[in-house]
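When we follow our numbering, the leftmost residue of the sequence shown carries the number 17, and every step to the right adds one.
Quick notes on the structure that follows.
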Amino acid sequence: MAEQIVTDPILIASDHAGFELKERLEKRLRELGYDVADLGTESADSADYADYAHPLAQKVSNGEATRGVLLCGTGLGMSYVANRYPRVRAAVAWSPEIAELARRHNDANVLALPARFLSEEQAMQIVSTWLDTPFEGGRHERRVEKIERSVAPRLDAARVDKPRESTETR
Ligand code: RB5
C-alpha cells in the first residue's frame, strides 16, 4: 500500500449480507494504520441496508467525513441510498480497475461493495486501490461539478446543445 492519502476516519457500514466482510475489512484497515469508524450493523441478523447507508452518507454529505465504505449483497441498495445525498458520489466497484477509475475520473467518496460476490482478498484490493488513488481533476473536475446541478437546466441545455467536436478522447 502506498502513502496514505486518507488520514481522517474511514466510515464503514453494512447490512447483514455485508456484515462478515465488513468485520474483516475493518480489521485489515486498522492493521494498516487507518482510523475506522464502524456505523454498524453489529451482527449477521437481518438488517435493512438503508438504515445503515443513510447515516454514513449524511456524514459524508455534510463534511463530517471524507470517505465511507458501504457493503451489502450487491452494493446496489447501499449506492442507491448514498447517492441521494448532495456531494456524495458512491461507486459500486467489483474490481480494483473500477475502483481506480471511480477515484481518478469520478472522485468517488463512497465505495459500495457487493459483498456476496467478493472474496476478502478481492475486497481488500478494491478498498486499497480506492484509498490510494487520487482524483485526476482536469476535465473530470468539470464533469464531477455538473453532477450537483439540478435536472431542469440540464434538460434545457439538452434541447439547445448540438453535438460538438472535441479533442478529448475519454
Ligand atoms: C439482502 O438480502 C440484499 O438484498 C441486500 O444486501 C442488497 O444486496 C441490496 O441491494
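Ideal Cβ positions, reconstructed from N, Cα and C, are used throughout, including at glycine.
Assigned with DSSP and collapsed to three states, Ser-77 falls in helix. Secondary structure of Pro-112 (DSSP, three-state): helix. Taking 7 Å as the cut-off, the Cβ atoms of Tyr-68 and Gly-56 count as close. Annotation for Tyr-65 indicates a beta carbon within 6 Å of some heavy atom of the ligand RB5. The three-state reading of DSSP puts Gly-91 in coil, since its state is none of H, G, I, E or B. The shortest C-alpha to C-alpha distance from Asp-61 to any of Ser-77, Ala-33, Asn-78, Gln-74 is the one to Ala-33. Of the candidates Val-22, Lys-75, Gln-138, Val-160, Gln-138 places its Cα closest to the Cα of Arg-40.
Counting along the chain, Val-160 sits inside the alpha helix (DSSP H) bounded by residues 155-163. Distance from the CA of Glu-80 to the CA of Asp-24, rounded to the nearest whole angstrom, comes to 10 Å. With a beta-carbon spacing of about 15 Å, Ser-77 and Tyr-96 fall beyond the 8 Å limit used to define contacts. The beta-carbon distance between Leu-147 and Leu-87, rounded to whole angstroms, is 15 Å. This is too long to meet the 8 Å contact definition.
Taking C-alpha positions only, Thr-145 is separated from Ser-166 by approximately 31 Å.
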